[in-house]
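Below: one structure, written as structure tokens.
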Amino acid sequence: MMAFLYPWATKEYLLWNMTIGQIILYHNKGVELQWPGSLNSLEPGLANKGPKELRVIRDTIFKQMDKDKEEKEKLDEISRLKEVMKAKYGDI
């Protein structure tokens, strides 16, 4: 994480220039940021679900995204056809 904020902050640099207390604090906070419990802020019950339930949720979202994509393609085709008809017959 530090490397994103400060490119010079490599692991080695930080380890050689930090106190043991800073290293422990940095390690503990980093672990908290990656812990699945932080998903509670996004979706209240998501952190308590198992892998199978999460897979079902993911698949449902992907199906909805596919439906949305198909609908958008249909609307794009309709607007393309409208433009062709407008060019051919003029504004009606």
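By the numbering used here, the letter at position 60 of the sequence shown is numbered 56, and the numbering carries on one by one without gaps. Backbone N, C-alpha and C fix where the C-beta goes; we use that ideal spot for every residue, glycine too.
Per DSSP, D64 is one residue of the alpha helix (DSSP H) stretching across 47 to 85.
A direct Cα-Cα distance of roughly 31 Å separates K68 from P47.
L21 and E66 have their C-alpha atoms spaced approximately 49 Å apart.
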